[in-house]
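Engineer: This is the structure I have questions about; it appears just below.
Protein chains: 2
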Amino acid sequence: MATATATIDLNAIRQNWQKLRSMSSNDAAAVVKANAYGLGLKQVANALYAEGARIFFVATAEEGAELRSSLGKIPEIYFFSGHMVGDTELIRNYNLIPLINSVDQLSRHSELLKEKKFGVQLDTGMNRLGMEPKEWENVKELVLSLNPALIMSHLACADEPGHKMNANQLNTFRTLTDNVNIKKSLAATGGILLGPEYHFDLTRPGIGIYGCSPMRNCLPVLKIDIPVIQIREIKSGETVGYGNTWTAASKKRIATISAGYADGIFRVTGQKTRLYFEETGCPIVGRISMDLIGVDITGLNVEPNKLELINSKQTVDKIAEGAGTIGYEFLTSLGHRYNRNYTSVAK
Amino acid sequence: MATATATIDLNAIRQNWQKLRSMSSNDAAAVVKANAYGLGLKQVANALYAEGARIFFVATAEEGAELRSSLGKIPEIYFFSGHMVGDTELIRNYNLIPLINSVDQLSRHSELLKEKKFGVQLDTGMNRLGMEPKEWENVKELVLSLNPALIMSHLACADEPGHKMNANQLNTFRTLTDNVNIKKSLAATGGILLGPEYHFDLTRPGIGIYGCSPMRNCLPVLKIDIPVIQIREIKSGETVGYGNTWTAASKKRIATISAGYADGIFRVTGQKTRLYFEETGCPIVGRISMDLIGVDITGLNVEPNKLELINSKQTVDKIAEGAGTIGYEFLTSLGHRYNRNYTSVAK
Chain Z
8 MATATATIDL NAIRQNWQKL RSMSSNDAAA VVKANAYGLG LKQVANALYA EGARIFFVAT
68 AEEGAELRSS LGKIPEIYFF SGHMVGDTEL IRNYNLIPLI NSVDQLSRHS ELLKEKKFGV
128 QLDTGMNRLG MEPKEWENVK ELVLSLNPAL IMSHLACADE PGHKMNANQL NTFRTLTDNV
188 NIKKSLAATG GILLGPEYHF DLTRPGIGIY GCSPMRNCLP VLKIDIPVIQ IREIKSGETV
248 GYGNTWTAAS KKRIATISAG YADGIFRVTG QKTRLYFEET GCPIVGRISM DLIGVDITGL
308 NVEPNKLELI NSKQTVDKIA EGAGTIGYEF LTSLGHRYNR NYTSVAK
Chain X
8 MATATATIDL NAIRQNWQKL RSMSSNDAAA VVKANAYGLG LKQVANALYA EGARIFFVAT
68 AEEGAELRSS LGKIPEIYFF SGHMVGDTEL IRNYNLIPLI NSVDQLSRHS ELLKEKKFGV
128 QLDTGMNRLG MEPKEWENVK ELVLSLNPAL IMSHLACADE PGHKMNANQL NTFRTLTDNV
188 NIKKSLAATG GILLGPEYHF DLTRPGIGIY GCSPMRNCLP VLKIDIPVIQ IREIKSGETV
248 GYGNTWTAAS KKRIATISAG YADGIFRVTG QKTRLYFEET GCPIVGRISM DLIGVDITGL
308 NVEPNKLELI NSKQTVDKIA EGAGTIGYEF LTSLGHRYNR NYTSVAK
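Chains Z and X supply the protein sequences, listed in that same order. Start counting at 1 in the first sequence, then tack on 7, and there's your number in the numbering used here. Start counting at 1 in the second sequence, then tack on 7, and there's your number in the numbering used here.
Encoded structure:
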């Protein structure tokens with residue numbers, strides 16, 4: 008089998024969420040958008056539900072419908088994009104809660120689904136999603152009379168605890184929602200770490216559940232093993248891969264492994280990244296191909312039949328850094344070809 | 008609906024393949040690995056089959072099995088990774104043709120599936136897949152006695168016509184296969200463009216079918232439209248997105264669109280990339296989020312309900328270049344969330 012294996016530890020996911028919940032002053036939801044950050048919506052959401060999560064957030068109504076089909080009737084499912092043209096049936100049929108981002112969306116929801124729950128998203132400075140403060144002031148009384156299920160906003164710089172934007176957004180959120188007796192939410196993973204004044208009634212942990220920065224002391228969730236197709240000896244001066252970009256400075260042993268950028272191993276992944284056999288990290292040589300990567304295994308005294316890309320020595324955050332990005336993007340870019348193996352040891 | 012739409016033109020795919028076939032001295036196969044370069048294995052392979060393709064190449068036995076289920080019994084399906092441990096049943100049950108890369112794989116195939124077709128992949132200098140020349144000399148007689156269906160190799164620098172590696176690999180391939188009366192293949196898209204001496208009996212076009220470089224004068228295959236969730240006015244000095252990385256120098260109108268790096272729009276996508284409304288390209292502002300992108304639409308005099316990411320003005324190659332990569336990686340990284348719309352106008 009030349010298919011790489013992604014092993015996803017559902018117990019680690021449960022424990023990470025439990026930890027984030029225990030750090031939260033009040034209730035904690037779970038963010039499972041983008042196919043549960045690439046790790047599998049159905050499996051991840053069911054594990055979190057089994058752990059006690061009853062409020063979930065996704066990006067779109069379509070993701071909400073898929074989640075409802077996986078989890079059944081009980082949990083609350085919010086989605087960030089709000090009530091868009093064409094969403095009405097999905098909201099009704101799958102009992103979803105749109106987070107209303109604009110007066111336009113408010114009108115649509117009031118007109119088409121007056122009886123159905125909704126939440127409100129306020130923009131407190133990120134200028135991405137949510138009503139502007141001025142807009143909010145104009146419709147606040149009307150909205151509150153419709154009894155929204157949640158009022159929320161999102162922090163732009165929560166991963167940088169010292170950034171002055173955090174306190175600014177907190178103050179704005181307070182100003183906009185003071186004396187409003189509705190459930191409130193501001194913090195995702197980064198916001199939980201900023202401390203209890205950011206927690207309000209409900210936190211929305213995402214990336215921390217999946218074991219990545221900015222969460223600290225969380226359990227790793229993902230392992231990736233890649234089969235070795237063949238091993239060859241090359242002489243000094245020989246090149247490996249497309250464009251002859253790598254030349255052997257001496258005699259080398261090269262393993263060709265069966266994964267590439269089509270599997271989400273970014274083509275820019277650099278010289279810091281290693282493929283592991285037990286304790287030994289072996290460097291990538293030559294350009295990463297669509298389905299194949301060359302690895303210098305001269306340092307090994309065995310002929311491995313697989314090598315590890317993600318393990319305890321090379322985390323998701325570390326490989327992401329080696330490709331100039333963040334763990335979030337590595338996770339959501341995992342390709343569809345992996346043999347996905349979900350482990351869930353009894354707790 | 009906040010789901011972006013990827014429109015895939017199956018007629019363009021057919022015409023591109025037909026063109027590559029007509030440029031080939033003899034027969035042409037079709038490479039549909041990695042989910043047909045991200046565009047949908049079933050739909051693309053069926054379109055190519057309807058156009059006359061009868062020989063297909065994929066990366067692994069698993070991909071071959073999926074392709075066989077889509078195309079039925081007639082076509083020949085080769086796969087590049089060769090006969091790996093665990094592949095035997097798939098090869099037998101789905102009638103796949105492994106490209107044998109090593110003596111190890113040759114032994115496995117001879118022992119377990121002696122009666123089943125196979126091809127041979129030779130390494131002519133890329134040091135990625137295939138038997139080394141020395142290995143080949145040792146087993147050549149034995150292999151030829153087993154009557155392989157194909158002998159092939161792959162060019163490392165075909166995208167650079169002037170690279171001396173091309174002639175070196177051609178000469179090596181000739182030396183290794185002279186007087187061998189078996190069907191031969193060396194060229195993929197780049198190799199087809201290098202000229203007829205590279206074509207041998209069978210070419211293996213891939214990226215050119217999908218409308219990307221190094222193919223020239225091919226038809227674009229992909230369009231991407233992204234819904235606008237909301238539009239806001241911001242004042243000079245306000246910031247947009249994570250990390251406050253972009254600050255408005257004057258009053259601006261910002262559209263938040265519903266796609267992000269989870270949809271394969273690389274987070275490093277840079278300042279050159281535009282979102283189009285008709286003829287006007289609007290720049291991305293702030294960091295690309297997982298599900299959302301901020302776009303400066305100050306230059307538009309309308310309120311668009313969607314913007315185009317890939318169209319005739321901004322091709323796959325161009326957006327890939329803006330992210331420091333190649334069209335191949337953009338295509339194979341397209342996320343699973345798109346509403347995929349296959350168009351196929353009668354020819």
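Each residue gets a CB set at the ideal place from its N, CA and C atoms; glycine is no exception.
1) Tell me which residue opens and which closes the beta strand (DSSP E) that Asp303 of chain X is part of.
2) How should Lys80 of chain X be labelled, buried or exposed, when 16 other C-beta atoms within 10 angstroms of its C-beta is the threshold for buried?
3) When the Cβ atoms of the region 64-71 of chain Z are set against those of the region 84-102 of chain Z, are three or more pairs found closer than 8 Å?
4) Counting only C-beta atoms, is Arg21 of chain Z closer than 8 Å to chain X at any point?
5) Checking 8 Å against the spacing of the C-beta atoms, do Val275 of chain X and Ile261 of chain X come in under that value?
6) Closer than 6 Å by C-beta to Cys219 of chain X: which residues in its own chain qualify, once you throw out the five before and the five after it? Chain order, please.
7) For Asn346 of chain Z and Ile272 of chain Z, what's the separation of their Cα atoms in angstroms?
8) Given this structure, state the Cα-to-Cα distance separating Glu336 of chain Z from Tyr268 of chain X, to the nearest angstrom.
9) Whose C-beta lies closer than 7 Å to the C-beta of Leu303 of chain X among residues of the same chain, with five residues either side of it excluded?
10) Using 8 Å for Cβ pairs, my map puts Leu136 of chain Z next to Thr252 of chain X. What's the rounded Cβ distance?
11) Quick one: does Arg260 of chain X have its CB under 8 Å from some CB of chain Z?
12) Cβ of Glu315 of chain X within 8 Å of Cβ of Tyr349 of chain X?
13) I'd like to confirm the pairing. Which residues does DSSP put opposite Val323 of chain X in its beta bridges?
14) Please work out which residues of its chain come closer than 7 Å, Cβ to Cβ, to Ile399 of chain X, disregarding the five sequence neighbours upstream and downstream, and give them in chain order.
15) Which of the three DSSP states is assigned to Met355 of chain Z in this structure?
16) What is the rounded straight-line gap between the Cα of Ala11 of chain Z and the Cα of Lys230 of chain Z?
17) Using only CA atoms, which one of Z:Ser243, Z:Ser76 and Z:Leu338 lies nearest to Val228 of chain Z?
18) If I'm right that Thr210 of chain Z touches Gly198 of chain Z with Cβ under 8 Å, what's the distance once you round it to whole angstroms?
19) Under 8 Å, Cβ to Cβ, is there at least one residue of chain Z near Lys354 of chain X?
20) Verify the contact flag: Val247 of chain X, CB atom, against every heavy atom of the ligand MN, threshold strictly below 7 Å.
21) Kindly list, in the order they appear in chain Z, the residues whose Cβ is closer than 8 Å to that of Val187 of chain X.
22) Would you call Pro168 of chain X buried or exposed, if buried means 16 or more other Cβ atoms sit within 10 Å of its Cβ?
23) If you draw a straight line from the alpha carbon of Thr184 of chain X to that of Tyr56 of chain X, how long is it in whole angstroms?
24) So what's Asp208 of chain X in DSSP terms, helix, strand or just coil?
25) Lys279 of chain Z to Ala330 of chain Z, Cα distance in whole Å?
26) Give a yes or no on whether the minimum CB-CB distance between Met222 of chain Z and chain X is below 8 Å.
27) Could you name the residues of the same chain whose beta carbon sits closer than 7 Å to that of Glu310 of chain X, not counting the 5 residues immediately before and after it, in chain order?
28) Taking the alpha-carbon positions, what's the Gly301 of chain X to Ser265 of chain X distance?
29) I need the straight-line Cα distance from Tyr205 of chain X to Glu58 of chain X, nearest angstrom please.
30) With 9 Å as the limit, tell me which residues of the region 217-247 of chain X have their beta carbon closer than that to any beta carbon of chain Z; keep them in chain order.
31) Spell out whether any CB of chain X is found under 8 Å from the CB atom of Asn134 of chain Z.
32) Within the same chain, show all residues whose beta-carbon is closer than 6 Å to that of Leu193 of chain Z, passing over the 5 residues directly before and after it, in chain order.
33) Does any residue of chain X have a CB that is nearer than 8 Å to the CB of Ala269 of chain Z?
34) Among X:Ser152, X:Leu201, X:Lys191 and X:Thr196, which one has its Cα closest to the Cα of Ala174 of chain X?
35) My guess is that Val92 of chain X and Met8 of chain Z are in contact by the Cβ rule of under 8 Å, so how many angstroms apart are they, rounded?
36) How about Met172 of chain X and Lys40 of chain Z: are their beta carbons less than 8 Å apart?
Structural biologist: In short, the structure shows the following:
1) Ile300 to Asp303
2) exposed
3) yes
4) no
5) no
6) Val323, Asp324 and Gly334
7) 15 Å
8) 6 Å
9) Going by the sequence as given, residue 303 of chain X is Asp instead of Leu. Cβ within range, chain order: Lys259, Ile261, Cys289, Pro290 and Val292.
10) That pair is no contact at about 17 Å.
11) no
12) no
13) Per DSSP, none; premise fails for Val323 of chain X.
14) No answer is possible for residue 399 of chain X: it lies beyond the span of chain X, which begins at 8 and ends at 354.
15) This structure cannot speak to residue 355 of chain Z, because chain Z is shown only from 8 to 354.
16) 10 Å
17) Z:Leu338
18) 7 Å
19) Its pLDDT being 46, under 50, Lys354 of chain X is placed unreliably in this model, and the coordinates cannot settle the point.
20) The ligand MN is not among the ligands present in this structure, which contains no ligands whatsoever.
21) Near Val187 of chain X there are no residues of chain Z at all, since even the closest Cβ is about 22 Å away, more than 8 Å.
22) exposed
23) 30 Å
24) coil
25) 9 Å
26) no
27) Ile238
28) 9 Å
29) 24 Å
30) Pro234, Ile236, Gln237, Ile238, Arg239, Glu240, Ile241, Glu245, Thr246 and Val247
31) yes
32) Ser160, Phe180, Tyr205 and Phe207
33) yes
34) X:Leu201
35) 7 Å
36) no
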